[in-house]
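Written below as structure tokens is the structure these notes are about.
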Amino acid sequence: MGSLIWTIVIGFVVGLVARALKPGNDSLGIVMTSILGIVGAYAASFVGKTMGWYADGEAAGFIAAVVGAIILLFIVGMIKKK
């Protein structure tokens, strides 16, 4: 239970940092910001494991999670424009 709460808190912080670093207006609420950060962290972990940067069971670092969340923000922005 504690790790789930910790994941949500870190995901929220990652989402906030990603939204602050990406230029433009991203109208996302608190819940979507948290989900963005969590999914960005998992995406960064998946890509890192696929590329051989991380071992199994090793989580992506904070910077990699932010980069993953920024990439997701760009993808969501492109989908919203269409």
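For the sequence shown, the numbering used here gives the first residue as 1, with consecutive numbering after it. Where a beta carbon is used, it is the ideal one built from N, C-alpha and C, also for glycine. None of the values given here were measured: they were computed from a predicted structure.
Neighbour-count burial assignment, residue i, 16 or more Cβ in a 10 Å radius
i   : result
I38 : buried
V31 : exposed
V66 : buried
A64 : buried
A20 : exposed
Sequence-distant residues of the same chain with beta carbon closer than 7 Å to residue i, five excluded per side
i   : result
A69 : V14, G15, A18, L36, G37, G40
C-alpha gap between residue i and residue j, whole angstroms
i   : j   : result
K80 : S34 : 19 Å
G48 : Y54 : 5 Å
L73 : N25 : 11 Å
L28 : G52 : 33 Å
I8  : T50 : 24 Å
F89 : W6  : Since the first and last residues shown for the chain are 1 and 82, residue 89 lies out of range.
Cβ shell of residue i (< 8 Å), same chain only, five flanking positions each side left out
i   : result
F12 : I30, T33, S34, G37
I71 : G40, A43
I75 : none
Close beta carbons around residue i, own chain, < 6 Å, minus the five adjacent residues each side
i   : result
K22 : I70, L73
I10 : none
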